[in-house]
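Enquirer: Residue numbers (my numbering), protein chains in the order written: chain A, 2 to 304; chain B, 51 to 353. Glycine residues also receive a C-beta, built at the ideal position from the N, C-alpha and C atoms.
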Amino acid sequence: MSAHGETVAPPVEAVGRPAASRRAKDLGFRLALLGCLGLAVLLLGVLLWDVVTDGVDRLNFDFLTSFASTDADEAGIQGALWGTIWVMGVCALFIIPVGVATAVYLEEYADNTKWYNRLIEVNIQNLAAVPSIVYGILGLAFLVRGPLGLGPVVLAGGLTLGLLVLPVVIIAGREAIRAVPPSIREGSMALGATQWQTIWRQVLPAAIPGIATGVILALSRAIGETAPLIVIGTPVFVAFNPDGLDSSFTAMPIQIFDWISRPSNDVNNYLPLAAAGILLLMIVLICMNAIAIWLRNRYEQKW
Amino acid sequence: MTDERREQDREAPERDVPGLRLDVAQSESGAPAVEGVEPKPRVPREAVFSLEEVTVSYGTKPAVRDITFDIGQNEITALIGPSGCGKSTLIRCLNRMNDLIPTATVRGSVRYHGQDLYAPDVDAVEVRKRIGMVFQKPNPFPKSIYDNIAFGPRVLGMKGSMDDIVERALRHAALWDEAKDRVKTNAFGMSGGQQQRLCIARCLAVEPDVILMDEPCSALDPISTGKIEDLMLDLKQEYSIVIVTHNMQQAARVSDKTAFFTVELDEDEKHRTGRVVEFDDTEKIFTNPSDSRTEAYVTGKVG
Numbered sequence: 002m003s004a005h006g007e008t009v010a011p012p013v014e015a016v017g018r019p020a021a022s023r024r025a026k027d028l029g030f031r032l033a034l035l036g037c038l039g040l041a042v043l044l045l046g047v048l049l050w051d052v053v054t055d056g057v058d059r060l061n062f063d064f065l066t067s068f069a070s071t072d073a074d075e076a077g078i079q080g081a082l083w084g085t086i087w088v089m090g091v092c093a094l095f096i097i098p099v100g101v102a103t104a105v106y107l108e109e110y111a112d113n114t115k116w117y118n119r120l121i122e123v124n125i126q127n128l129a130a131v132p133s134i135v136y137g138i139l140g141l142a143f144l145v146r147g148p149l150g151l152g153p154v155v156l157a158g159g160l161t162l163g164l165l166v167l168p169v170v171i172i173a174g175r176e177a178i179r180a181v182p183p184s185i186r187e188g189s190m191a192l193g194a195t196q197w198q199t200i201w202r203q204v205l206p207a208a209i210p211g212i213a214t215g216v217i218l219a220l221s222r223a224i225g226e227t228a229p230l231i232v233i234g235t236p237v238f239v240a241f242n243p244d245g246l247d248s249s250f251t252a253m254p255i256q257i258f259d260w261i262s263r264p265s266n267d268v269n270n271y272l273p274l275a276a277a278g279i280l281l282l283m284i285v286l287i288c289m290n291a292i293a294i295w296l297r298n299r300y301e302q303k304w
Numbered sequence: 051m052t053d054e055r056r057e058q059d060r061e062a063p064e065r066d067v068p069g070l071r072l073d074v075a076q077s078e079s080g081a082p083a084v085e086g087v088e089p090k091p092r093v094p095r096e097a098v099f100s101l102e103e104v105t106v107s108y109g110t111k112p113a114v115r116d117i118t119f120d121i122g123q124n125e126i127t128a129l130i131g132p133s134g135c136g137k138s139t140l141i142r143c144l145n146r147m148n149d150l151i152p153t154a155t156v157r158g159s160v161r162y163h164g165q166d167l168y169a170p171d172v173d174a175v176e177v178r179k180r181i182g183m184v185f186q187k188p189n190p191f192p193k194s195i196y197d198n199i200a201f202g203p204r205v206l207g208m209k210g211s212m213d214d215i216v217e218r219a220l221r222h223a224a225l226w227d228e229a230k231d232r233v234k235t236n237a238f239g240m241s242g243g244q245q246q247r248l249c250i251a252r253c254l255a256v257e258p259d260v261i262l263m264d265e266p267c268s269a270l271d272p273i274s275t276g277k278i279e280d281l282m283l284d285l286k287q288e289y290s291i292v293i294v295t296h297n298m299q300q301a302a303r304v305s306d307k308t309a310f311f312t313v314e315l316d317e318d319e320k321h322r323t324g325r326v327v328e329f330d331d332t333e334k335i336f337t338n339p340s341d342s343r344t345e346a347y348v349t350g351k352v353g
């Protein structure tokens with residue numbers, strides 16, 4: 002109590018700074034995290050640098066327009082490039098309808114309490130993690146030989162890769178469909194639309210950006226897969242472009258693999274070819290991922 | 051004269067169409083109406099909906115129990131009561147929106163112009179064509195204003211010029227002046243009140259018979275609320291309206307009849323179930339309610 006009889010609050014300590022040891026730990030943690038990040042980036046940078054220095058000279062128009070050849074100076078990637086484009090086309094045409102339809106079924110129609118629906122869900126998530134070479138064996142047994150007996154052609158390669166990346170599309174599709182708020186569905190049903198009309202005219206259009214992103218990410222995984230194509234018997238030396246679904250083909254990863262595997266000497270040095278091929282593949286991948294990110298940002302729906 | 055009328059009213063139920071109920075639901079405590087006040091002569095109105103002992107359960111627990119009253123043609127019927135007493139659950143029964151919830155079961159009889167809505171041969175999609183719904187949070191589709199309104203007519207295959215249909219719906223919803231210059235812009239660009247009127251316009255475009263409104267103004271500011279209330283009074287000439295509202299004064303302002311809900315605790319299960327305590331002319335509910343619980347609620351003593 003002061004002299005005047007009022008109550009006086011005790012003096013409050015000014016807000017200070019935490020103790021030095023706490024600040025040091027905070028800073029130390031931050032530096033450790035930055036260090037880890039730096040290490041990852043450094044490793045990546047070293048790899049990139051190695052490839053760029055080896056291959057950038059070789060990456061020119063001739064490289065893109067020449068076919069494979071035993072003469073390293075003449076060789077180019079045209080056959081493999083078009084082979085990849087054809088196979089990716091088949092893959093896309095397969096995964097888009099099948100993947101989206103599966104996602105729609107699982108999200109809109111499937112009753113989660115039924116055992117067979119839960120079985121499907123568990124299977125899809127497992128399939129996303131199966132090693133790619135297993136898909137190669139599957140393709141060899143059922144598509145290339147076995148019941149369909151297509152042989153190592155564009156259709157077989159595209160379907161094999163499609164099966165590999167289908168779970169990615171299904172999972173991304175489900176996320177995109179799930180992100181559409183129930184209020185939109187309710188609003189549509191309340192107007193007298195059937196469930197299919199609601200899905201086709203409201204849910205799917207709203208989910209397209211997410212689905213497209215999923216498809217592009219799936220394709221960018223498929224484009225770099227070598228093991229399944231090797232197992233189904235894709236030839237390594239192909240000096241022509243594919244001319245149909247039943248045409249023989251090769252793909253960029255396989256061509257790169259072939260160039261690396263050959264012994265190089267002063268007469269024929271295949272390493273720059275391989276490096277240039279890797280660079281081209283990476284450029285294509287970066288472009289595809291950039292398109293996916295752009296699509297996602299541009300059409301992101303803010304509900 | 052008045053006594054004779056009352057006599058007639060009591061005899062009427064036997065002669066009239068089943069489901070056309072003229073007597074007021076008795077209050078639980080059986081308290082008589084205040085003495086000395088002459089009851090207004092009751093004009094028999096055609097009932098749009100006839101509910102009889104309707105009980106809705108989610109799983110095994112009833113959310114509302116034994117609901118019995120009628121909803122009149124070209125009237126605004128308000129459902130009021132504290133939170134959690136099943137008003138929204140009940141209104142969703144009227145257009146079979148509860149079908150979308152797998153665990154919901156409806157017992158009792160819901161008749162629409164005498165026809166049992168839950169008969170096995172009644173198609174829920176057809177029901178929703180005639181009985182439209184406006185939700186609590188405005189839920190315009192992520193499309194243009196034009197496409198929002200045109201969606202219903204398109205999926206239902208309505209004939210006629212779409213431009214005319216859209217304009218008529220916008221005029222009907224008192225939104226034409228504000229929207230006519232930007233019908234092709236995205237609906238999300240509008241304010242909350244405008245979006246809700248868009249949802250009403252969307253509902254009107256399919257030419258329903260009844261409009262159900264589940265707390266349509268609770269997410270809106272007072273000015274928008276006022277506009278929508280004026281709209282409701284306007285619409286009642288052509289449509290029958292059922293509105294769930296938390297705002298007692300709103301019910302007093304716009305509705306012709308009011309049903310007061312309360313929530314009861316089950317003795318053994320500690321589970322809440324909603325029931326209708328009183329259903330009568332709005333004026334009577336708010337000035338001279340028969341039940342003490344109604345009085346406690348409308349005077350603000352409770353809930």
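Which residue wins for smallest C-alpha separation from V232/A, given the options D74/A, R59/A, I134/A and F68/A?
Expert: Mapped onto the first sequence, residue 232/A falls at position 231. Of D74/A, R59/A, I134/A and F68/A, the residue nearest in Cα terms is I134/A.
Enquirer: Based on the DSSP output, what are the partners of Y392/B in its beta bridges?
Expert: This structure cannot settle anything about residue 392/B, because the visible part of chain B is limited to 51 through 353.
Enquirer: Using beta-carbon positions only, say whether V294/B and L129/B come within less than 8 angstroms of one another.
Expert: Here residue 294/B corresponds to residue number 244 of the second sequence, with the count starting at 1. Here residue 129/B corresponds to residue number 79 of the second sequence, with the count starting at 1. Against a cut-off of 8 angstroms, the Cβ pair of L129/B and V294/B comes out as a contact.
Enquirer: Just to confirm before moving on: does the CB-CB distance between R247/B and I273/B stay below 8 angstroms?
Expert: As a first step, residue 247/B is located in the second sequence; it is residue number 197 there, counting from the start. As a first step, residue 273/B is located in the second sequence; it is residue number 223 there, counting from the start. Taking 8 angstroms as the Cβ cut-off, R247/B and I273/B do not qualify as a contacting pair.
Enquirer: How big is the Cα-Cα spacing for Y355/B and I185/A?
Expert: Because chain B spans 51 through 353 in this model, residue 355/B falls outside it and cannot be assessed.
Enquirer: Residues of chain A with CB under 9 angstroms from G182/B, in chain order?
Expert: As a working mapping, residue 182/B is identified with position 132 in the second sequence. A191, L192 and G193, listed in chain order.
Enquirer: Secondary structure at T195/A, three-state DSSP: helix, strand or coil?
Expert: As a first step, residue 195/A must be located in the first sequence, where it is residue number 194. T195/A falls in the coil class under three-state DSSP.
Enquirer: Within 8 angstroms of any Cβ in chain B, is that where the Cβ of E122/A sits?
Expert: Counting from one through the first sequence, the residue named residue 122/A turns up at place 121. With 8 angstroms as the cut-off, E122/A does not count as an interface residue toward chain B.
Enquirer: Can you find a C-beta in chain C that's less than 8 angstroms from the C-beta of G202/B?
Expert: No chain C is present in this structure, whose protein chains are A and B.
Enquirer: Are any of the Cβ atoms in chain A nearer than 8 angstroms to that of K286/B?
Expert: One-based indexing of the second sequence puts residue 286/B at position 236. Contacts with chain A at 8 angstroms (Cβ-Cβ) do not include K286/B.
Enquirer: What are the start and end residues of each continuous alpha helix (DSSP H) run of 4 or more residues lying completely inside the segment 233-271 of chain B, in chain order?
Expert: 242-255
Enquirer: I need the straight-line Cα distance from D259/B to E228/B, nearest angstrom please.
Expert: Reading the second sequence from its first residue, position 209 is the one you call residue 259/B. Reading the second sequence from its first residue, position 178 is the one you call residue 228/B. Using only the alpha carbons, I get a separation of about 26 angstroms.
Enquirer: Give a yes or no on whether the C-beta atoms belonging to A377/B and A251/B are separated by under 8 angstroms.
Expert: This structure gives no information on residue 377/B, because the portion of chain B shown stretches from 51 to 353.
Enquirer: Residues of chain B with CB under 7 angstroms from A207/A, in chain order?
Expert: In the first sequence, counting from the first residue as 1, residue 207/A sits at position 206. Result: P192.
Enquirer: Look up Y108/B in the DSSP assignment and say whether it is helix, strand or coil.
Expert: Position 58 of the second sequence, counting from 1, holds the residue named residue 108/B. DSSP places Y108/B in strand when its eight states are reduced to three.
Enquirer: Is the CB-CB distance between G158/A and G202/B below 8 angstroms?
Expert: On the first sequence, position 157 is the one that residue 158/A refers to. On the second sequence, position 152 is the one that residue 202/B refers to. No; because the gap between Cβ atoms is not below 8 angstroms, this pair is not in contact.
Enquirer: Under 8 angstroms, Cβ to Cβ, is there at least one residue of chain B near E301/A?
Expert: Along the first sequence, one-based indexing puts residue 301/A at 300. Not one chain B Cβ lies under 8 angstroms of E301/A.
Enquirer: Determine the DSSP secondary structure at I215/B, reduced to helix, strand or coil.
Expert: Mapped onto the second sequence, residue 215/B falls at position 165. Helix, per DSSP.
Enquirer: Excluding the 5 residues preceding and the 5 following A169/B in the sequence, name in chain order all residues of the same chain whose CB lies nearer than 7 angstroms to its CB.
Expert: Position 119 of the second sequence holds residue 169/B. Counting only Cβ-Cβ distances below 7 angstroms, and skipping sequence neighbours, we find nothing.
Enquirer: Quick check on A128/B: does DSSP put it in helix, strand or coil?
Expert: Numbered from 1 along the second sequence, position 78 holds the residue referred to as residue 128/B. When DSSP states are grouped into helix, strand and coil, A128/B belongs to the strand group.
Enquirer: Any beta-carbon of chain B closer than 8 angstroms to the one on G188/A?
Expert: As a position in the first sequence, residue 188/A is number 187, starting the count at 1. Interface residue, yes.
Enquirer: Please give me, in chain order, every unbroken run of the alpha helix (DSSP H) with length at least 4 that falls completely inside the segment 230-303 of chain A.
Expert: The alpha helix (DSSP H) runs lying completely inside the segment 230-303 of chain A and spanning 4 residues or more are 253-262 and 272-300, given in chain order.
Enquirer: What would DSSP say about S194/B, mapped onto helix, strand or coil?
Expert: Taking the first residue of the second sequence as position 1, residue 194/B is located at position 144. Strand.
Enquirer: Quick check on the DSSP output: the alpha helix (DSSP H) that includes I151/B runs from which residue to which?
Expert: Within the second sequence, numbered from 1, the residue matching residue 151/B stands at position 101. Careful: I151/B lies outside any alpha helix (DSSP H) and carries neither H nor E.
Enquirer: Check whether the Cβ of N145/B lies closer than 8 angstroms to any Cβ atom in chain A.
Expert: Taking the first residue of the second sequence as position 1, residue 145/B is located at position 95. N145/B counts as touching chain A.
Enquirer: Measuring CB to CB, does S322/B end up less than 8 angstroms from G109/B?
Expert: Along the second sequence, read from residue 1 onward, the residue named residue 322/B stands at position 272. Along the second sequence, read from residue 1 onward, the residue named residue 109/B stands at position 59. Inspection of the sequence shows that residue 322/B is occupied by Arg rather than by Ser. Going by C-beta atoms, R322/B is not nearer than 8 angstroms to G109/B.
Enquirer: For L315/B, name the three-state secondary structure that DSSP assigns.
Expert: Sequence index remark: in the second sequence, residue 315/B carries index 265 (1-based). DSSP places L315/B in strand when its eight states are reduced to three.
Enquirer: Pick helix, strand or coil for A41/A, following the three-state DSSP scheme.
Expert: Position 40 of the first sequence, counted from the first residue, corresponds to residue 41/A. Three-state result, A41/A: helix.
Enquirer: Closest Cβ-Cβ distance between M185/B and chain A: below 8 angstroms?
Expert: Counted from its first residue, the second sequence places residue 185/B at position 135. Reading off the sequence, residue 185/B comes out as Phe, not Met. For F185/B, the answer is yes, since a Cβ of chain A falls inside 8 angstroms of its Cβ.
Enquirer: Give a yes or no on whether 8 angstroms exceeds the smallest Cβ distance from R202/A to chain B.
Expert: Translated into positions along the first sequence, residue 202/A becomes position 201. R202/A counts as touching chain B.
Enquirer: Please tell me whether L167/B has its Cβ less than 8 angstroms away from any Cβ of chain A.
Expert: On the second sequence, residue 167/B is found 117 positions in, with the first residue counted as 1. No, L167/B does not count as interfacial toward chain A.
Enquirer: So, do the segment 82-101 of chain A and the segment 228-246 of chain A have three or more beta carbon pairs nearer to each other than 8 angstroms?
Expert: Between the segment 82-101 of chain A and the segment 228-246 of chain A, the count of C-beta pairs closer than 8 angstroms reaches three or more; the two stretches touch.
Enquirer: On a Cα-Cα basis, can you pick out the residue from L165/A, T114/A and I284/A that is closest to F95/A?
Expert: To locate residue 95/A, count along the first sequence from 1; it is residue 94. The shortest Cα separation from F95/A among L165/A, T114/A and I284/A belongs to L165/A.
Enquirer: Would you mind telling me which residues of chain B sit closer than 8 angstroms to I185/A, beta carbon to beta carbon, in chain order?
Expert: Sequence index remark: in the first sequence, residue 185/A carries index 184 (1-based). Here the neighbours are N189, F191 and P192.
Enquirer: Residues bridged to M183/B by DSSP?
Expert: The count along the second sequence starts at 1 and reaches residue 183/B at position 133. DSSP output for M183/B lists L262/B as bridge partner(s).
Enquirer: State the beta-bridge partners of S290/B as determined by DSSP.
Expert: Here residue 290/B is taken as the residue at index 240 of the second sequence, counted from 1. DSSP lists V260/B as partners of S290/B.
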